[in-house]
Structures are given as C-alpha cells and as structure tokens.
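Residues are numbered in our numbering as their position in the sequence shown, beginning at 1, plus a constant of 190.
We treat Cβ as the ideally placed atom computed from N, Cα and C, and that holds for glycine.
All values reported here derive from a predicted model rather than from experimental measurement.
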Amino acid sequence: MRLRRIPAVLLPLGPLSFCPSLAAEEPTELEPIIVTATRLETPIDRLPVSVSVVEGEEVERQQVKDIFEVLRDVPGFTIVQNGSRGGTTSLLVRGGQSDFNQVLIDGVKVNQAGGDFDFSDLTTDGLARIEIVRGPQSALYGSDAVTSVVQVFTRRGEGPLSARLGFAGGEFETYEGGGGISGGTERYGYSIDVGRIDTDGILDINNRYGNTTVASRFDLSPLETLDLTTTVRYNDSRFEFPSEIAGDRFPPLDPNQFTERERLVVGPRAVWNPSPWWRHALQLGYYHEDFAFEDPADAGVDFGSFRNDTTQERLSADYNSSFLLPSFAGITPTVTLGGYGEAESFEQDTLFEFQGFPSSSRADETRDAGAFYSQMILDWQERVTLIAGFRLDEASTYGSKVNPRAGLSYRLPGTETKLRVSYGTGIKNPTFFENFGRTIFGRGDKGLGPERSESWEVGFDQPLAFGDYRAEVSATYFSSDFEDLISFIPQPDPDEIAFFNIQEAESQGVELGLRVVTPIGLGFRGSYTFLDTEVLEAGPSGGTLFVEGEPLLRRPEHSGAFTVDYTAERWTASFNLTIKGSSIDLDFNADPGGRRVRLDGYAKADIAVAYRLIEDRFGMESLSITAKGQNVFDEDYEETFGFSTAGASFLIGFRAEL
191 MRLRRIPAVL
201 LPLGPLSFCP
211 SLAAEEPTEL
221 EPIIVTATRL
231 ETPIDRLPVS
241 VSVVEGEEVE
251 RQQVKDIFEV
261 LRDVPGFTIV
271 QNGSRGGTTS
281 LLVRGGQSDF
291 NQVLIDGVKV
301 NQAGGDFDFS
311 DLTTDGLARI
321 EIVRGPQSAL
331 YGSDAVTSVV
341 QVFTRRGEGP
351 LSARLGFAGG
361 EFETYEGGGG
371 ISGGTERYGY
381 SIDVGRIDTD
391 GILDINNRYG
401 NTTVASRFDL
411 SPLETLDLTT
421 TVRYNDSRFE
431 FPSEIAGDRF
441 PPLDPNQFTE
451 RERLVVGPRA
461 VWNPSPWWRH
471 ALQLGYYHED
481 FAFEDPADAG
491 VDFGSFRNDT
501 TQERLSADYN
511 SSFLLPSFAG
521 ITPTVTLGGY
531 GEAESFEQDT
541 LFEFQGFPSS
551 SRADETRDAG
561 AFYSQMILDW
571 QERVTLIAGF
581 RLDEASTYGS
591 KVNPRAGLSY
601 RLPGTETKLR
611 VSYGTGIKNP
621 TFFENFGRTI
631 FGRGDKGLGP
641 ERSESWEVGF
651 DQPLAFGDYR
661 AEVSATYFSS
671 DFEDLISFIP
681 QPDPDEIAFF
691 NIQEAESQGV
701 ELGLRVVTPI
711 GLGFRGSYTF
721 LDTEVLEAGP
731 SGGTLFVEGE
741 PLLRRPEHSG
751 AFTVDYTAER
761 WTASFNLTIK
771 GSSIDLDFNA
781 DPGGRRVRLD
791 GYAKADIAVA
801 YRLIEDRFGM
811 ESLSITAKGQ
821 NVFDEDYEET
831 FGFSTAGASF
841 LIGFRAEL
C-alpha cells in the first residue's frame, strides 16, 4: 500500500507560504506534509522543530530565478553575496558559519567536502518546493547539518504532455530564459527543464555572468507498493569579476579574472511499502563538481598568472526502514532505523607563473564515512508528538561521533496553539585542506576533529480565523553554542600541524512570523529575526576575524521581510521588502589583515507583475506578459564591504504554457 500523498495547501507561519487558490476559496483543512524534518511524510502541524516551506507557486509569482533570493525571507536566514550576480553567495543561519548548512537536491547531498556551498548558481528551474529545517539536524543527516537543512525538490510530471516556455530581458543586458516539458500518470512521470541566465553585470569591466541549468526528474511505480524516482541535475556557470579580496570599489581592477563551475547531481531513489506498517527507502547519490579559477597576468595588476582546478566527487547511499506500529493507550509509535555511507575524493592542480618561472602543485586525496541512525516518533491522539533519536558517525579521519536530538510538541484543544521545544547537536567535517593540505606555514591534520554545535529552542504557532480570513503567527527563541571551531595557526616548520579545534562562539535570538490569507485575492507574509552573537574563544590566530567578546561578522542584529501577494482572474502581483540591519565586516583595503567596520543596514524592494493575455486559445493553455523590478527604490547598499550591488533594474518578458 502506497503512503497517502497529501497536498500542501495550508502551511503554518514558519513556511510563510500560501497557495494562490486559497485567495479565492475558503481554505481547506488538509494537513500539509513535510519529509525533511523526519525523513517520513509528517504533518507539519505536529513537528516540534522550526520548519519553513517555499512552494513553487510562490516562486513563480515572484518571478525569482535564483534560489538564494527566496531564502532571504526565511526567518533566521542571512544571505551574503560578494557583489554582483554570480559572486560567491553564502547562507548564514542563526549566527552559524556559511558551511554549517546541509543542502540536498531530492535527497542527494550537494555540499563540498567540509560543508561549503555557494548558492550563486543554484536556480529555480524545475522547482517544486523547498523544505527548510532550522537548528542542528546531524542526528538524521550527519556532517554539515549544524544550523539547518535546506532541501530542494524537483517537480514531478503529471497529466498529459505539456510544455512551458519563458523569457525576460532588461537592464545590464540581462536575459533570463527557460522551458521544459512534463507529463505522467499514476504509474509514471517525467519532467525536464532547461534554463539560461546571461548578464553583462553591474560593473564597467569584466563582470559577465552566465549559467545553464538542466533539471529533470523521472518517476515510475511498477507496483502499488513500489515507487522509483531518479533526479538528474546539471549546471554550468561562468563568472567574470575584476575584484580582489578588498572588493571592486578599490583599484586596481583585473580585466581577465574569472571562475568556471560545473555541477552534476544524480539521485536514484526507491520507496517500497511491503505492508501498511513497514516502509523501506533507499537513496543513492552521486555528486560531481569541477571548479576552475584563472587569473592571467595583466600588467600593473598581477605579479604573475594563476590557475587552479579542483574536482570533488561524492558517492553516497542511505537506507532506512520505518515501522508504523499499532497504537496503544492512544499512542501511535513509528520507529526508523537507517544506515548511511559515503566516499569523497578531492583533486586539485595549481599552476603559478612569475616572471617566466612556473611553479605547480597537485593534491589527490580520498576519505570515507559511515553512520547508523535511529528515530522514534510517538504521537498521542494527534495532540502530542515526541520525536527522539541519535546518529553514530564513523569517519576515516576524525573517528566516532554521536549526535542526539529530541523534540516535543503539544496542540492545545480549542485554540489549536502548538507549543514546541527541541534540543539537538550538530557536527561539521573538516575540509580536505584542513585534513591534508600543506603550506610553508604548516600542514593539515588527518585526525582533526569536527566542529560542533549544541542548540535548543522553544516556540509556538498560533492559527487564527476571522470569518473567511485566515492568519497565523509564530515565535521561536533559540540558543546555540559553537565549539571546536577550526583555526589556522602558522608554524615555523612546514611539517608541523597548523590546524586546531580551539575557537568557540555562541548565538541566541528570536524569530517571529505572520501570515494572512484573505478571500479577496490578497495575501500577506512577514518575518522578523533578532540575533545576538558573541565570540567566546578566539585562540592565538583570531585576528580581526574572530575577536573575543565581539559579535560575529556579517550577522545583522535585526532583519526581516514583508511580502504582499495579489491574485485575480488574469492578474498576479507580488511586492517584497527585504530588511537587513547594520552588521560588522572587514575592510581589507585599509589593512591586509582586515579592519573591522560597520556596514549600514538597508531595505530593498522588489516587485513582480504578470497579466494573462491568452487562455485556451491558439493551441496554448495560457500566454502571460511578465514584468519585474529589483531594488525598485534604488537603495545604495553593501552586503560585503567594498563590493558594489545593483541599483534599480527592470525585466520584461513572457511566459507561455502549451
């Protein structure tokens, strides 16, 4: 018997997402489902953790092409982009580091070894939804799930063969286009999307960016009890940038420097339900990334030429078996037992040439890890839910680590207020360079320990109803400790270990949210985050980056977002305001080691409008004219000190469905 699929149509505040059909109809009471938080299809109103969901319909209404633009509005999330489109884009969650978030595409881990993930070229092509779980999740997902798990789901093909095509163009010679086909039945489905982005960039010199993405998903259900899914996603991007570490606002600018990256994700998955109480799931994964950085010699700018080529691969397998046990005394237990294994490889070739004298180096390393994890869910009369579990990781580098987690939620009768509390720990593997790297100031340590976190949170979600109007508010308080952070300490001998687990920091804060759905086509979403961070232990190499008693860099104390959506018979419109308070950053132009400076806060407004010209005519299901404006009030701001950001820009295009 296949597990029941329940559509996500009424999401709690944490997700801050709503289906446009609710604007014109009375909201239904179907329970939305999320899988990332427990690896099982679990009603979102029973989860004791902070969860957000972004639906594909919301992304389409906002005409967003880059996924990181959607993540800006998630409570507790801070996006930091180095300058123009295509620049390195990092995600900081609840004060954690940029490599503390595990990123999955249809169940396949796509972080680089050591946790880093650059969101700059991850697009919304083929997107069905994004599920986000905040807080440490290493008890289920292992390394890198220190402050969050972000999972991107590709759309499933359904119905008769259909095609879609869209294009938009505008300022900075920017062009965004894409199209796809999809179809399917209860037994099979297919969906293939191709997208392309081209822009000359916001700078007058060397600032072009291009990205091609292919996103596909294939589903097959040969039996009522067996579902087979395969995801294949590929993207190829190139970014030209003139800036060095100090930013593009300081000369000299480089006319030929660029990076290139190719990513390939393949994710076969099988779910078998031999009986109503027993479920098996097997997720295989292959991740491959080629990254190149090249800086040719330019007179007056460079001392020489430089080329670096890096290849990373990961093979992974995750199997779990879940037992949906009979109820007793009103308590329904579900037990999950699972195992995970991965093998990672790293190859790097570096060539530097100075005044005709070349120098090269090569690295070729591998490492592997395995894990066992367990989870128990106890649900009492759909009012009380207890989730508890742990994971034992065994790595070829750092050895054994155990990560527990526990959470409890309670829905009050009458008001349906959900009270929740949770606790968990997280770990992050060292990078390959921290394990195996060599410099003239010391080498890596193969036995270096992982970075660790310990966190707890408490909060509530409150649904409200005023006739046909629906609203929901939520609040969460969280506290996190980050320990054994890795620091590089230069040594006099290149054969001495130079990496140590010695730094420590903490964060705490409050996340608030509001969502309103009306019967007149209007919807409102809002969020606010207060964040307080402090460095507790800097070690001898903290420098200006890690200063004891001071806040962590680029983490604003106050941030938030507000969105208004409108849906009518032929019109859709969305207005989004992203607000980020002031934060501390480093000025590398004044001092090679960086001088601490304060970045001013800002408010950036975006708007998107679409009008459906044609419906069910001329062989087309629909044809819409689209327009969007970004930073429409022309706010002058910096997300990274010294790096320029785009002023007001506008794109006009069309979207057709055949």
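Cα-Cα separation, residue i to residue j
{"i": "G837", "j": "Q327", "result": "38 Å"}
{"i": "L393", "j": "I322", "result": "34 Å"}
{"i": "I710", "j": "T753", "result": "16 Å"}
{"i": "S427", "j": "V574", "result": "47 Å"}
{"i": "E452", "j": "E248", "result": "28 Å"}
{"i": "F844", "j": "G356", "result": "6 Å"}
{"i": "D554", "j": "F536", "result": "6 Å"}
{"i": "Q264", "j": "A793", "result": "Looking at the sequence itself, residue 264 is Val, so the reference to Gln does not match. Rounded to the nearest angstrom, the two C-alpha atoms are 16 Å apart."}
{"i": "G437", "j": "Q502", "result": "28 Å"}
{"i": "G729", "j": "S677", "result": "8 Å"}
{"i": "S240", "j": "F267", "result": "12 Å"}
{"i": "E245", "j": "T757", "result": "16 Å"}
{"i": "A214", "j": "P653", "result": "With a pLDDT of only 33 at A214, under 50, the local geometry of the prediction cannot be trusted, and no value is derived from it."}
{"i": "F720", "j": "E847", "result": "42 Å"}
{"i": "T415", "j": "I224", "result": "20 Å"}
Test item: CB-CB of residue i and residue j under 7 Å
{"i": "V822", "j": "I797", "result": "yes"}
{"i": "W462", "j": "L514", "result": "no"}
{"i": "Y610", "j": "G579", "result": "Here residue 610 turns out to be Arg, not Tyr, going by the sequence shown. Contact: no."}
{"i": "G304", "j": "T621", "result": "yes"}
{"i": "S310", "j": "G276", "result": "yes"}
{"i": "A561", "j": "D583", "result": "yes"}
{"i": "S411", "j": "R469", "result": "no"}
{"i": "P442", "j": "V491", "result": "yes"}
{"i": "L789", "j": "E825", "result": "no"}
{"i": "G471", "j": "N446", "result": "One detail in the question is off: residue 471 reads as Ala in this sequence, not Gly. Not in contact: A471 and N446 (Cβ atoms no closer than 7 Å)."}
{"i": "A482", "j": "E450", "result": "yes"}
{"i": "F362", "j": "T389", "result": "yes"}
Close Cβ partners of residue i (< 6 Å) along its chain, the five nearest in sequence each way excluded
{"i": "D671", "result": "E644, E696"}
{"i": "Y331", "result": "Q292, V339"}
{"i": "E366", "result": "K255, A358, I387"}
{"i": "V404", "result": "V384, Y424"}
{"i": "V706", "result": "A661, F714"}
{"i": "G347", "result": "S372, G373, G374, G379, Y380, S381"}
{"i": "Q252", "result": "S764, A798"}
{"i": "E673", "result": "R642, E694"}
{"i": "L702", "result": "A665, Y718"}
{"i": "A596", "result": "A578, Y613"}
{"i": "E686", "result": "G632"}
{"i": "L675", "result": "E641, Q693"}
{"i": "G400", "result": "D388, R428"}
First through last residue of the beta strand (DSSP E) which encompasses residue i
{"i": "A553", "result": "547 to 570"}
{"i": "E537", "result": "521 to 544"}
{"i": "G713", "result": "712 to 727"}
{"i": "E248", "result": "Careful: E248 lies outside any beta strand (DSSP E), inside the alpha helix (DSSP H) at 246 to 252."}
{"i": "D775", "result": "773 to 777"}
{"i": "P222", "result": "Here P222 belongs to no beta strand (DSSP E), and DSSP marks it neither H nor E."}
{"i": "I842", "result": "839 to 847"}
{"i": "S372", "result": "364 to 374"}
{"i": "A596", "result": "589 to 601"}
{"i": "I630", "result": "Neither: I630 is in no beta strand (DSSP E) and is coded neither H nor E."}
{"i": "S381", "result": "378 to 389"}
{"i": "V754", "result": "748 to 757"}
{"i": "V707", "result": "689 to 707"}
Opening and closing residue of the alpha helix (DSSP H) in which residue i lies
{"i": "Y331", "result": "328 to 331"}
{"i": "N625", "result": "622 to 626"}
{"i": "I257", "result": "257 to 261"}
{"i": "V342", "result": "Element bounds for V342: not the alpha helix (DSSP H) but the beta strand (DSSP E), 338 to 344."}
The ligand SAM heavy atom lying under 6 Å from the CB of residue i
{"i": "P350", "result": "Of the ligands one can find in the structure shown there are none, so the ligand SAM has no counterpart to examine."}
Own chain residues within Cβ distance below 7 Å of residue i, not counting five before or after
{"i": "Y476", "result": "V456, L505"}
{"i": "P741", "result": "T723, E724, I774"}
{"i": "L351", "result": "I371, G373"}
{"i": "S211", "result": "Annotation note: pLDDT 30 at S211 (below 50); position unreliable, coordinate value reported separately. No residues qualify anywhere along the chain."}
{"i": "T402", "result": "R386, N425, D426"}
Proximal residues to residue i (C-beta, below 8 Å), its chain only, five neighbours per side dropped
{"i": "T629", "result": "P684, A688"}
{"i": "F258", "result": "I269, Q271, T279, L281, F309, S310, L312"}
{"i": "D806", "result": "S812"}
{"i": "A655", "result": "A661"}
Give, in chain order, every unbroken run of the beta strand (DSSP E) that is at least 3 residues long and sits entirely within the stretch 397 to 454.
-> 399 to 413, 416 to 430
Ranges of the beta strand (DSSP E) found wholly within the stretch 256 to 328, counting only runs of at least 3 | 267 to 271, 279 to 283, 291 to 295, 317 to 324
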